[in-house]
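Trainee: Pasting a structure below so you can have a look.
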Amino acid sequence: MAIIALLIITYPTISLSREISGTVRKYGSHEKLSNIKVIFKGTTNGVTTDYNGSFMIKTTSISDTILVFSYIGYITQELNVAKTKYHVIYMREDDSTKTNYNFLNSLNILYQFLRQEDKEKPIKIPMRPETN
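Under my numbering, the residues of the sequence shown are numbered 462 to 593, in order.
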């Protein structure tokens, strides 16, 4: 009798739980992306993709479930997963991140050509004249 009571109590919880899974790939090359953060929108609940770009996350919500996919260097994606259980998500690289990387890389190359004594000198920033 106790087993039946336990099943009756836990059945609603089990029946409402739903698995959402999928794979995250790089747009264009279809390369599998690992360590992509996958969270429910408006929460901190989530997972990260494994080395194959796969993820699996559980929810008790039946409808209006939105997953947010994010990673540094890629544009954040949102996906409404109310209708299907398996998804393939394509992440696009963020061009502004590429621009920043190229700028920093240029600075690094410039730094390598400086003389050692110039690298050790403090940087002098001219002060603006104060006006009233």
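Ideal Cβ positions, reconstructed from N, Cα and C, are used throughout, including at glycine.
Beta strand (DSSP E) containing G503: first to last residue?
Mentor: No beta strand (DSSP E) contains G503, which DSSP labels as neither H nor E.
Trainee: Between I536, V508 and T510, which has its C-alpha nearest S557's C-alpha?
Mentor: It is I536 whose Cα lies nearest to the Cα of S557.
Trainee: Determine the direct distance from the alpha carbon of T526 to that of N513, and round the result to whole angstroms.
Mentor: Spanning the two alpha carbons is a distance of roughly 24 Å.
Trainee: If you drop the 5 nearest sequence neighbours on each side, which residues of the same chain put their C-beta closer than 8 Å to that of E554?
Mentor: The residues are K487, Y488, G534, Y535 and I536.
Trainee: Keeping to the same chain, check which residues put their C-beta closer than 6 Å to that of N541; ignore five residues upstream and five downstream.
Mentor: Taken in chain order, the residues that qualify are I527.
Trainee: Would you identify the three-state DSSP class for L467, choosing helix, strand or coil?
Mentor: Confidence is the limiting factor: at L467 the pLDDT is only 49, short of 50, which leaves the residue's position unreliable, though a coordinate-based value still follows. Reduced to three states, the DSSP call for L467 is helix.
Trainee: Using the rule of at least 16 other Cβ atoms within 10 Å of the residue's Cβ for burial, across every protein chain shown, is G483 buried or exposed?
Mentor: G483 should be labelled buried.
Trainee: Pull up the DSSP beta-bridge partners for K519, would you.
Mentor: Per DSSP, E480.
Trainee: State the Cα-Cα distance for the pair S515 and M588, rounded to the nearest angstrom.
Mentor: Their Cα atoms are separated by approximately 54 Å.
Trainee: So, are the CB atoms of T520 and R479 less than 8 Å apart?
Mentor: Result yes, Cβ atoms of T520 and R479 sit closer than 8 Å.
Trainee: So what does V549 bridge to, in DSSP terms?
Mentor: Beta-bridge pairing links V549 to T484.
Trainee: Are there any heavy atoms of the ligand ZN lying less than 7 Å away from the beta-carbon of H548, as far as the coordinates show?
Mentor: This structure simply doesn't include the ligand ZN, nor any ligand for that matter.
Trainee: Taking the C-alpha atoms as reference points, what is the distance between T545 and T504?
Mentor: About 21 Å.
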